[in-house]
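**Q**
Numbering (our numbering), first residue to last: 54 to 461.
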């Protein structure tokens, strides 16, 4: 059964993390982003399983009224993730500080059961008067902030995001109060030593790159239980969110140029990213962007850490040679960037499939998608980026940059 969730994030900082939390507990769920004003007018929103309000004050009377309407069955489940320290007057009000995927999803599951038992709100949990089982998936490998507060020189504030076996936290540097992002790997729970090796390599790779369009790295350190990478905090959200809201063609071209510029420096260091996607492209407050998350990157001149024939990367963005499990070079990143560019222009991914293997087949065999007006003038650029044979793509990011500037 597909679940439907809505996130309304006051400060636009927590959407990525909360959507990751929900996806862990309810795989395949439809997760929508809305504004607080949409609650009164959006009928689709009112048929969702739960509305998550993030960053609002638990003493705000208008917000508390929404929680009360939920408890009365007028609205779907409404959960307030509050930043204030006021008294939590409802089971549907949770402190944002210290929130985990497990605690959020458990609260949602319990809320669904209460509504099903009371019959106040006919949600996706109820069909034909019979209550369907409500199951929330286990969330393993929780790294609790309290367990790693001993990191010298930094004060952890809250979790910003997660991926694979690592977590990213917002932290404050004790020496000057500067906010940074700290990527944390729990080394004791890693059975595959290659994960730790990749983590160490990620720091070494990023530390060698000096580009405004690649996230800046400040430090790497270890404790008995954890490995840490300290990097700049990028406060402007990620490209996924901007795509969801819509990007104008001239802005998409500007973003494409910035990403290509960052890739040019990366490739000059003989590094192939291998997992370029909108979620790995974040913005600063001044609208400059930076590439990050080099956990799957490899040195083009070194032996790959993966086994022969294994496919690494995100299925929607892998190049045809990645999909075939073959060795990659900088042209693979250019293909992934072509997928991102198409998505920036249209708001959709060029290929759709029900499973990773079917997606890999699309990358290898499906026709290159055609752009419609008013974007069709960018088709030649897209054709070169998404060519099935890497020999037909731009040979380098520098060559791609030159082509982009012709549209300026």
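Virtual Cβ for every residue (Gly too), placed ideally from N, Cα, C.
From a predicted model like this one, the values you see are computed outputs, not experimental measurements.
Do residue 213 and residue 221 have their CB atoms nearer than 8 Å?
**A** Walking along the chain shown from the start, residue 213 turns up at place 160. Walking along the chain shown from the start, residue 221 turns up at place 168. Yes.
**Q** Can you tell me whether residue 81 is buried or exposed, with buried defined as 16 or more other CB within 10 angstroms of its CB?
**A** Locating residue 81 in the chain shown gives position 28, counting from the first residue. So residue 81 counts as exposed.
**Q** What does a CB cutoff of less than 8 Å around residue 456 pick up in its chain, not counting 5 residues either side in sequence?
**A** One-based indexing of the chain shown puts residue 456 at position 403. Only 434, 437, 447 meet the Cβ criterion.
**Q** Runs of 4 residues minimum, wholly inside the stretch 98-139: which ones carry the alpha helix (DSSP H) assignment?
**A** Those alpha helix (DSSP H) runs which fall completely within the stretch 98-139 and span 4+ residues are 114-124.
**Q** Should residue 250 go down as buried or exposed, given a rule of 16 or more other Cβ atoms within 10 Å for buried?
**A** Translated into the one-based positions of the chain shown, residue 250 becomes position 197. It counts as exposed.
**Q** Return the first residue and the last residue of the alpha helix (DSSP H) that residue 68 is part of.
**A** Taking the chain shown and counting its residues from 1, one reaches residue 68 at position 15. Counting along the chain, the alpha helix (DSSP H) containing residue 68 begins and ends at 68-78.
**Q** Taking residue 220 as part of the beta strand (DSSP E), name the residues at either end of that continuous run.
**A** Looking up residue 220 in the chain shown gives position 167. Start and end: 219-226.
**Q** In whole angstroms, what is the alpha-carbon distance linking residue 114 and residue 143?
**A** Counted from its first residue, the chain shown places residue 114 at position 61. Counted from its first residue, the chain shown places residue 143 at position 90. Cα-Cα distance, rounded: 13 Å.
**Q** Kindly give me the distance between the Cβ atoms of residue 394 and residue 309, rounded to whole angstroms, as I take these residues to be in contact under 8 Å.
**A** Residue mapping note: residue 394 aligns to position 341 of the chain shown, counting from 1. Residue mapping note: residue 309 aligns to position 256 of the chain shown, counting from 1. With a Cβ gap of about 5 Å, residue 394 and residue 309 count as contacting.
**Q** Can you find the residues in the same chain that come closer than 8 Å, C-beta to C-beta, to residue 83, ignoring five residues on each side of it along the sequence?
**A** Here residue 83 refers to the residue found at position 30 when the chain shown is read from its first residue. For residue 83, where only same-chain residues beyond five positions count, the Cβ hits under 8 Å are 55, 56, 57, 58.
**Q** In three-state DSSP terms, what is residue 255?
**A** Indexing the chain shown from 1 puts residue 255 at position 202. Of the three classes helix, strand and coil, the one that applies to residue 255 here is helix, per DSSP.
**Q** Find out if the Cβ-Cβ distance for the pair residue 132, residue 161 is shorter than 8 Å.
**A** Along the chain shown, read from residue 1 onward, the residue named residue 132 stands at position 79. Along the chain shown, read from residue 1 onward, the residue named residue 161 stands at position 108. The answer is yes: Cβ separation under 8 Å.
**Q** For the alpha helix (DSSP H) that residue 418 lies in, which residues bound it at each end?
**A** For the purposes of this step, residue 418 is identified with residue 365 of the chain shown, where counting begins at 1. Residue 418 -> alpha helix (DSSP H) spans 409-418.
**Q** Please list, in chain order, all residues of the same chain as residue 316 whose beta carbon is under 6 Å from its beta carbon, the five residues on each side excluded.
**A** Here the question's residue 316 lines up with position 263 in the chain shown. Once the five neighbours on either side are set aside, the close Cβ partners of residue 316 are 386, 450.
**Q** Tell whether a beta-carbon distance below 8 Å holds between residue 108 and residue 68.
**A** Locating residue 108 in the chain shown gives position 55, where the first residue counts as 1. Locating residue 68 in the chain shown gives position 15, where the first residue counts as 1. No, they are not a contact pair.
**Q** Between the Cα of residue 292 and those of 399, 303, 268, 333, spot the shortest distance and give me the residue it belongs to.
**A** Translated into the one-based positions of the chain shown, residue 292 becomes position 239. Out of 399, 303, 268, 333, 333 has the C-alpha closest to the C-alpha of residue 292.
**Q** Pick helix, strand or coil for residue 403, following the three-state DSSP scheme.
**A** For the purposes of this step, residue 403 is taken as the residue at position 350 of the chain shown. Three-state result, residue 403: coil.
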